[in-house]
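Quick note on our numbering: the sequence shown kicks off at 2 and runs consecutively. For glycine and all other residues, C-beta sits at the position ideal for the given N, C-alpha and C. Just so it is clear, the structure is predicted and the values come from calculations on it, not from any experiment.
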Amino acid sequence: MRTRTLKKIAVTAIALGAVVGLAACSTPETSASSTSSSTGSADTAGKIAFFGFSAANSFAQASFTGIQNYAKANNASATFLDGNFDSATQVQQIQDATTSGQYNVFIVQANDGTAVIPAVQAAIAKGITVVAEFTPVGTKYDTSESQVPGMYYVGDVITKNGAALGQMGLSACAGISPCTVAYLQGNAALPLDNARTTAVVNALQAGGATVVSNFTGGYTADTGRTAAQDLLQADPNVNVIIGSSQAIAGVQSVLPAGSTVKLIGNGSSTQAITAVQNGTWFGTYDIPEGEAAALAAKVGLSVLRGGTEPTGIDTGDTLTDAHRIGTKDTLVGVVGDYSD
């Protein structure tokens, strides 16, 4: 059995602190909009700006918690700048933070990885260490390599995310012929979501499944519930439904008692993992987001302090035992690191 912890990253944190010879700083606040100041010198103390999807999003909050915990152990502070799922807002925040000079490390969880490129380039030109986290900054969604010179990337490969969801969907179809799988898109306005949707659909169709992908499940239980109601009215014989873990929770709430529809989430929240472990869901996508975000903070602070780090880290290959596939067999002993 295994449990998800930040043990490996925490060990590295202690080592990094010893190398640079820094004293511990004050504890960062837990509020998403707060900043805590460091007691270290201005030259070495990390001041991290986290540009998250949205402060209202549980996934982004898990990211920030991982960043804060790492910052606390390494003489650094962290501030959540709320992008509110709006790319224009996030671009302006990056520009303002660059101009202000308040931060020396940016961790960017981009709402639109293309829109933020000019702002990220300007930050790098000013000497700010920039790490893209989870969302690639660039136009490619099939690589973990950094796509902007001078920037670092710590995150999943989006097309691998989609392919793994499709693989789990096909596994759920075993013994069912024909098998209809519905994929609930997150947000069709986001390039990342479009790339993931294409990868899911391609994997399912290549395996012989009939695919329904014209419903938007979003990233809340309410949007998932609405999508499920529309889906089940249009196609009551659907066999498998895939969507964000939040949306699948909403889908579950409208399925009739005794339903044989198999559910697959996209996310490793405590609720999603528990649902798989107790057999309520067939599977969920397994990425420890808090751990991944802490790794992004490690990379950013290390580079700031003169260290050398890889420019691209694929968290799906490096942080999970089963390479993203979260089923009852692979999630034994695993505990989610955030709550939906």
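- Two segments are said to touch when three or more pairs of C-beta atoms, one from each, lie closer than 8 Å; by this definition the region 148-156 touches the region 297-316.
- Between the beta-carbon of valine 106 and that of leucine 320 there is about 21 Å, and that puts the pair past the 8 Å contact cut.
- Inclusion of alanine 222 and cysteine 180 in the CB contact set at 8 Å is not warranted, their separation being larger than that value.
- Leaving aside the five residues that flank alanine 273 on each side, the residues in its chain whose CB is nearer than 6 Å to its CB run, in chain order, Ser246, Gly266 and Thr285.
- For lysine 161, the enclosing alpha helix (DSSP H) begins and ends at 159-173.
- For the 8 Å CB-CB criterion, glycine 47 and alanine 295 do not form a contact.
- Taken through DSSP and simplified to helix, strand or coil, asparagine 267 comes out as strand.
- Of the residues Ser59, Ile129, Ala120 and Asn70, the one whose Cα lies closest to the Cα of serine 88 is Ala120.
- Valine 239 sits close to alanine 183, with the two beta carbons spaced by under 8 Å.
- A Cβ-Cβ distance of about 11 Å is found for the pair threonine 224 and alanine 250, leaving them out of contact under the 8 Å criterion.
- When the beta-carbon positions are compared, serine 260 and glycine 327 stay at least 8 Å from each other.
- The shortest C-alpha to C-alpha distance from alanine 204 to any of Thr227, Ala190, Leu332 and Ala165 is the one to Ala165.
- Collapsing the DSSP output to three states places lysine 73 in a helix.
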